[in-house]
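Residue numbers (the working numbering): 193 to 463.
We put the CB at the ideal spot given by N, CA and C, even for glycine.
Everything numeric in this text was worked out from a predicted model, so none of it was measured.
Data block below; observations after.
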């Protein structure tokens, strides 16, 4: 952003500040008759009572996610947009390299019909699909929970097991290693193939890599974002005939190229 752009940005900032100050003054003059709109109090990490989340410095927690209370998130794990991990009446543990995808809910149990106090334990390299619900259950390493699945109190998912999308797993159900369970209520469907077992590990790795890109993007300053907007506009794909008439050869700047680990199968362009 050039000098003129910075000047315009500064003017806009001071106009907004002045407007907010006038709004506060107007509210005071109205006395008991004013309506005050409260600012959002959302916090990605929030203490509850004497319990505070512990998130590894190499984990990614997306803006808009909520991690509350006695929750631990391990190295290289990712908690995506709209997720809620609420460790208020018990604890939640998420291992390393695990991904909990958008809009999923993880909670714990203080009381239930069995009279058990149950934490939620999620192991290493686990994939939890979009909008899944995990409540007072245990998911071992390298397991897979599909989109929209629900795991109730006391459920135990063993290593290399898979809960299919949309499944409802009833209380105290154990899903053995290497099996797929599906349906409502969930029942044994079939054995996992070797390719599917390998896919579970690859899925966790893919999300770990993708989380690094989202973390870097969310850490960018306003100036960096505006600079990249300018680059994208300048190097936008044009019609080949248009470029040839101008004698232009367009090469994408390094800033706009995804790392190889995000798209591992892409073929590099020849010079």
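{"query": "Of the listed residues 424, 412, 404, nearest to residue 250 (C-alpha basis)", "result": "404"}
{"query": "When 288, 221, 354, 415 are compared against residue 389, the one with the closest alpha-carbon", "result": "354"}
{"query": "Residue range of the unbroken beta strand (DSSP E) whose run includes residue 386", "result": "Where residue 386 is concerned, there is no enclosing beta strand (DSSP E), although the alpha helix (DSSP H) it sits in stretches over 386 to 410."}
{"query": "Buried/exposed call for residue 319, threshold 16 Cβ in 10 Å", "result": "buried"}
{"query": "Through-space distance from residue 361 to residue 342, alpha-carbon basis", "result": "6 Å"}
{"query": "Sub-9 Å separation of residue 338 and residue 358 beta-carbons", "result": "yes"}
{"query": "Cβ-Cβ separation, residue 330 to residue 297 (assumed contact under 8 Å), whole Å", "result": "Actually they are not in contact, since the Cβ atoms of residue 297 and residue 330 sit about 16 Å apart, beyond 8 Å."}
{"query": "For residue 241, three-class secondary structure by DSSP", "result": "coil"}
{"query": "DSSP state of residue 220 mapped onto helix, strand, coil", "result": "helix"}
{"query": "Nearest-angstrom beta carbon gap, residue 292 and residue 279 [assumed within contact, 8 Å]", "result": "So it is not a contact: roughly 13 Å between Cβ atoms."}
{"query": "DSSP state of residue 422 mapped onto helix, strand, coil", "result": "helix"}
{"query": "Nearest residue (CA-CA) to residue 252, options 286, 234, 240", "result": "286"}
{"query": "Burial state of residue 399, where buried means 16 or more other Cβ atoms lie within 10 Å", "result": "buried"}
{"query": "6 Å CB neighbourhood of residue 208 in its chain, flanking five on each side removed", "result": "none"}
{"query": "Spatial distance of residue 258 from residue 276 (CA atoms)", "result": "5 Å"}
{"query": "Member of 263, 351, 424, 417 whose CA lies at the smallest distance from the CA of residue 239", "result": "263"}
{"query": "Among 244, 421, 267, 410, nearest to residue 273 - alpha-carbon criterion", "result": "410"}
{"query": "Residue ranges of each beta strand (DSSP E) within the stretch 310 to 387, 3 or longer", "result": "312 to 314, 325 to 327, 371 to 374, 379 to 383"}
{"query": "Beta-carbon proximity check, residue 370 vs residue 384, cutoff 9 Å", "result": "yes"}
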